[in-house]
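**Q** What follows is a structure written as structure tokens; I'll ask about it next.
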Amino acid sequence: MSVQSVDRALDVLEALAEQGGQAGLSEIAARTGLPYGTIHRLLQTLLARGYVRQESDRRYALGGALVRIGGVAERMLAVWAEPYLTRLVELSGETANLAVLEGDFVVYVAQVPSPRRLRMFAEVGRRVLPHSTAVGKALLAGRADAAAVFRRTGLPRRTDRTITVPEEMLAELGRVRSRGYALDLGEEESGVHCMAVPVHDGGRTFAALSVSGPAERIDAIDREELAAMLRKVAEDFGAAVFRS
Numbered sequence: 001m002s003v004q005s006v007d008r009a010l011d012v013l014e015a016l017a018e019q020g021g022q023a024g025l026s027e028i029a030a031r032t033g034l035p036y037g038t039i040h041r042l043l044q045t046l047l048a049r050g051y052v053r054q055e056s057d058r059r060y061a062l063g064g065a066l067v068r069i070g071g072v073a074e075r076m077l078a079v080w081a082e083p084y085l086t087r088l089v090e091l092s093g094e095t096a097n098l099a100v101l102e103g104d105f106v107v108y109v110a111q112v113p114s115p116r117r118l119r120m121f122a123e124v125g126r127r128v129l130p131h132s133t134a135v136g137k138a139l140l141a142g143r144a145d146a147a148a149v150f151r152r153t154g155l156p157r158r159t160d161r162t163i164t165v166p167e168e169m170l171a172e173l174g175r176v177r178s179r180g181y182a183l184d185l186g187e188e189e190s191g192v193h194c195m196a197v198p199v200h201d202g203g204r205t206f207a208a209l210s211v212s213g214p215a216e217r218i219d220a221i222d223r224e225e226l227a228a229m230l231r232k233v234a235e236d237f238g239a240a241v242f243r244s
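Mapping of the sequence shown onto full-length UniProt numbering: position 19 corresponds to residue 19, and the numbering continues sequentially without gaps.
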């Protein structure tokens, strides 16, 4: 049985997160459907506990108290992901990664390396822009504010294959949505290819799983078979996390 006030407080925090971490009262109301008075009372409690702060322009932002909780949750997510990443390595023979979106950046939170001598590493804790990575595309494909993210970050060129035109990038995200997986074909690092899929908590994407390796080895794997493998592991992982 849910507790209504807790549900509503979480709705407010999630609305702030969906707005990039900062929003006005009207934006929170539009996202949550809650009355202004209810939102105001919830915000006062969250402000007092440090989970929300109020900016000089009267807008509300996620507060520092969430950093402590978020850091612990991220470490736990990495622990929970390890057997699923190991499964991906066993199935594909290539390095498997877990990444999340923090603000406008992709952060790699867990990895199980390939047993092969020539293998790819994305250092855990590394922060990268989303447009040139398969995990970044998978994380943003379902987001209505993807265009705003690209306006803030720009689309800097990483290799000669990086997509640097906003309209082309949004079209690429459309292809990710339609086929159910994202590709990085040497867009972040020359000679390295990667496939990623989103991990859902029901309706929303909270992480992305990927397999990466030398271009010739990744391209030798049947693309649809690899995508199906990734989707199954991502589905199992998402279900396990949100059952607990």
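Using N, Cα and C, we set each Cβ at its ideal position, and we do this for glycine too. The structure displayed is predicted, hence computed values, not measured ones.
Can you look up ARG117 in the DSSP assignment and give me helix, strand or coil?
**A** coil
**Q** Look up ASP184 in the DSSP assignment and say whether it is helix, strand or coil.
**A** strand
**Q** Applying the criterion that 16 or more other CB atoms from any shown protein chain within 10 Å of the CB defines a buried residue, is GLN4 buried or exposed?
**A** By the neighbour-count definition (other C-beta atoms within 10 Å, threshold 16), GLN4 is an exposed residue.
**Q** Helix or strand or just coil, what does DSSP make of LEU155?
**A** coil
**Q** Can you tell me whether VAL6 is buried or exposed? The criterion is at least 16 other CB atoms within 10 Å of its CB, across all chains shown.
**A** exposed
**Q** Run the CB neighbour count on ARG117, radius 10 Å, all protein chains shown included, and call it buried at 16 or more, exposed below.
**A** exposed
**Q** So the candidates are GLY20, PHE150, ALA17, SER92; which of them puts its Cα closest to the Cα of SER212?
**A** SER92
**Q** In three-state terms, what does DSSP make of TYR84?
**A** Correct three-state label for TYR84: helix.
**Q** Considering Cα atoms alone, identify which of GLY50, THR86, LEU183, ARG87 is closest to ILE69.
**A** GLY50
**Q** Would ARG31 and ALA9 be called neighbours here (beta carbons separated by less than 8 Å)?
**A** no
**Q** For ARG53, report the span of its alpha helix (DSSP H) as first-last.
**A** Looking at the DSSP string, ARG53 is not in any alpha helix (DSSP H); the run it does join, the beta strand (DSSP E), is 52–54.
**Q** Can you tell me the Cα-Cα spacing of GLU234 and MET195, whole angstroms?
**A** The question names Glu, but residue 234 is Ala in the sequence shown. Rounded to the nearest angstrom, the two C-alpha atoms are 13 Å apart.
**Q** Can you tell me which of the three DSSP states ARG179 falls into?
**A** Here ARG179 sits in helix by DSSP.
**Q** Using 8 Å as the threshold, is the C-beta distance between ALA144 and VAL124 below it?
**A** no
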